[in-house]
Amino acid sequence: MNVGKDPREARDDIDVLWDDLGAFVRRLRTKRNDHKLTPSQIQALGHLDRQGPLTARALAQFERVTPQSIAKTVTALEEQGMVTRSSDPSDGRAVLVTMTELGSSTLHEDRTKRTAWLAEVIDAECTEAERDLLLIAGRILRKLGQDAPPASTSVSTSEESLMNP
16 MNVGKDPREA RDDIDVLWDD LGAFVRRLRT KRNDHKLTPS QIQALGHLDR QGPLTARALA
76 QFERVTPQSI AKTVTALEEQ GMVTRSSDPS DGRAVLVTMT ELGSSTLHED RTKRTAWLAE
136 VIDAECTEAE RDLLLIAGRI LRKLGQDAPP ASTSVSTSEE SLMNP
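Residues 16 to 180 (the numbering used here) make up the sequence shown, in order.
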C-alpha cells in the first residue's frame with residue numbers, strides 16, 4: 016500500500032492527517048447554531064434521524080459509548096424536549112428513544128447552518144478538482160468509520176435500568 020515509503024514516513028503522514036481532521040472538526044463545530052447541545056447530543060440526534068426510533072442500547076452501539084454514557088445523553092436530550100423515551104413494543108424491558116419535532120427541527124437547523132458554511136468555504140477556497148477530491152475523501156472516511164450495524168437492539172434488564180433513571 017505504501018510502496019516505496021519508509022513505514023515511519025507513512026506514520027508521519029497519518030499523524031498529519033489526524034491533526035488535519037481534528038482542526039477541521041474543531042472549525043466545523045464553531046459553525047453550529049446556538050442551541051447549546053453538545054457534539055454527542057447532536058450525533059445522537061443524527062442517528063435517530065437516520066435510523067428512526069432506537070433502543071437505548073442500539074443508540075449506545077451506534078455512538079460507540081457505554082450504556083451509562085448514552086443514558087446521560089438521552090436524559091439531557093429528554094430534559095430539553097429533543098427526545099422521548101417509551102417502552103419498546105417488541106421488548107417491554109427495553110427503552111425506545113424517539114426524536115421529537117423540536118429535536119428534528121433543531122438538528123436540521125444545525126445541519127443547514129454547517130452545510131451552508133462548508134459549501135461557502137469550499138467554493139471560496141477550493142478548486143473544482145480539490146472539491147471532487149474532498150467528496151471522494153469523505154466517502155472513504157465514511158467507509159473507514161463504519162462498522163456493521165448493531166446486531167440486536169434488545170438489552171438486559173440491568174442495563175436498561177441504567178438507561179431509565
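Cβ coordinates follow ideal geometry from the N, Cα and C atoms, glycine included.
**Message:** With a threshold of 6 Å on Cβ separation, who are the neighbours of threonine 113 within its own chain once the five nearest residues in sequence on each side are excluded?
**Reply:** Pro68 and Thr99
**Request:** Return yes when the Cβ of threonine 81 is within less than 8 Å of the Cβ of alanine 73, no when it is not.
**Result:** no
**Request:** Kindly indicate the opening and closing residues of the beta strand (DSSP E) around glycine 107.
**Result:** 106 to 114 is the span of the beta strand (DSSP E), which, as asked, contains glycine 107.
**Through-space distance from serine 101 to glutamate 124, alpha-carbon basis** = 26 Å
**Item:** DSSP state of leucine 69 mapped onto helix, strand, coil
**Value:** strand
**Length of the line joining the Cα atoms of phenylalanine 147 and alanine 134** = Looking at the sequence provided, one finds aspartate at residue 147 rather than phenylalanine. C-alpha separation (whole angstroms): 13 Å.
**Uninterrupted alpha helix (DSSP H) stretches inside the region 33 to 68 (no shorter than 4 residues)** = The region 33 to 68 contains these whole alpha helix (DSSP H) runs: 54 to 66.
**Message:** For threonine 88 and lysine 20, what's the separation of their Cα atoms in angstroms?
**Reply:** Rounded to the nearest angstrom, the two C-alpha atoms are 43 Å apart.
**Message:** Less than 7 Å between C-beta atoms, sequence neighbours within five positions excluded: which residues of the same chain meet that for glutamine 58?
**Reply:** Glu78
**Item:** Whole-number beta carbon distance between leucine 156 and methionine 97, since they are thought to touch under 8 Å
**Value:** At roughly 27 Å, the Cβ-Cβ gap does not stay under 8 Å, so methionine 97 and leucine 156 are not in contact.
**Prompt:** Hey, would you say arginine 47 sits closer than 8 Å to arginine 129, going by beta carbons?
**Reply:** Inclusion of arginine 47 and arginine 129 in the CB contact set at 8 Å is warranted, their separation being smaller than that value.
**Message:** At the level of alpha carbons, what is the spacing between phenylalanine 39 and glycine 107?
**Reply:** Using only the alpha carbons, I get a separation of about 42 Å.
**Closest by C-alpha distance to glutamine 56, when choosing among Ala91, Pro104, Ser120 and Ile29** = Ala91
**Request:** Look at the alpha carbon of alanine 131 and the alpha carbon of threonine 45, and state the distance between them as a whole number of angstroms.
**Result:** 13 Å
**Asked** Can you name the start and end residues of the alpha helix (DSSP H) that glutamate 89 belongs to?
**Response** Residue identity differs from the one stated: residue 89 is valine in this sequence, not glutamate. Taken as a continuous stretch (DSSP letters only), the alpha helix (DSSP H) holding valine 89 covers 82 to 94.
**Prompt:** For the beta strand (DSSP E) that arginine 79 lies in, which residues bound it at each end?
**Reply:** That residue, arginine 79, is in no beta strand (DSSP E); it is neither H nor E in DSSP.
**Asked** Any idea if valine 110 is buried or exposed, counting beta-carbon neighbours within 10 angstroms, 16 or more meaning buried?
**Response** By the neighbour-count rule (16 or more Cβ atoms within 10 Å), valine 110 is buried.
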